[in-house]
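Reading through the structure tokens given below for one structure.
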Amino acid sequence: MDVSNILFNKKMNIHLKLDDYETTLYIKVFDREKRIATMTVLKYVNENYLKIGDISEFSNSKYINKGIGSMMMEELLNYAESSNYQEIRGELSIVDNNHKDRLHHFYQKFGFEITETNNRNDCIYATICKRVRKSEKAGD
4 MDVSNILFNK
14 KMNIHLKLDD
24 YETTLYIKVF
34 DREKRIATMT
44 VLKYVNENYL
54 KIGDISEFSN
64 SKYINKGIGS
74 MMMEELLNYA
84 ESSNYQEIRG
94 ELSIVDNNHK
104 DRLHHFYQKF
114 GFEITETNNR
124 NDCIYATICK
134 RVRKSEKAGD
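Terminal number for the sequence shown in this note's numbering: 143, no gaps in between.
Here it is, written out as structure tokens:
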């Protein structure tokens, strides 16, 4: 999907940039030249999974609920599938408890399983996991 031409309104020109390094993937969202959000993803190549490390807060409330998080997640899912990763994992932090319902809805709409943890000594209250479907290769 070419997201570089997506317009949310006449004042915003939203586009994505992928920075792909050996152990880390950064999915960055820009409004014109200003970076407004970043998803950091750790690459566990030997174990064949990706782990969502952090999704930065949007720099301005005008970007909230505009589909930017979904755009980043779609890019991550496409990357995982085309790179033949088996899973995408992550953790939900108690820092985000004030919008827990919104987070659960976000991950569930992309097919993630959410597993609440009972470890009260940790700042993590749940884990997320999604199996990635295999990309179809010509001749298979």
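Virtual Cβ for every residue (Gly too), placed ideally from N, Cα, C.
For I91, the enclosing beta strand (DSSP E) stretches over residues 90-96. By alpha-carbon distance to L53, the top candidate from L45, S59, E60 is L45. Per DSSP, I39 has no beta-bridge partner at all. Per the coordinates, the alpha-carbon of L21 lies some 10 Å from the alpha-carbon of M42. Cβ neighbours of D34 within its own chain (closer than 8 Å, five residues either side excluded): M15, N16, I17, Y66. Here the C-alpha atom of L19 lies approximately 7 Å from the C-alpha atom of I30. Taking C-beta atoms under 8 Å as the contact rule, L80 and F109 fail to qualify, at a distance of about 13 Å.
Distance check between E77 and each of N63, F115, N122 places F115 closest, using alpha-carbon atoms only.
With respect to I71, L95 sits apart: the two C-beta atoms are not nearer than 8 Å.
Between G93 and I39, the C-beta spacing is not below 8 Å. If you look at F109, you'll find it isn't in any beta strand (DSSP E); it sits in the alpha helix (DSSP H) that goes 103-112. Counting every other CB atom within 10 Å of its CB across the protein chains shown gives Y24 a total below 16, marking it as exposed. Within the same chain, and ignoring the five residues on either side of I58 in sequence, the residues whose Cβ sits closer than 6 Å to its Cβ are M42.
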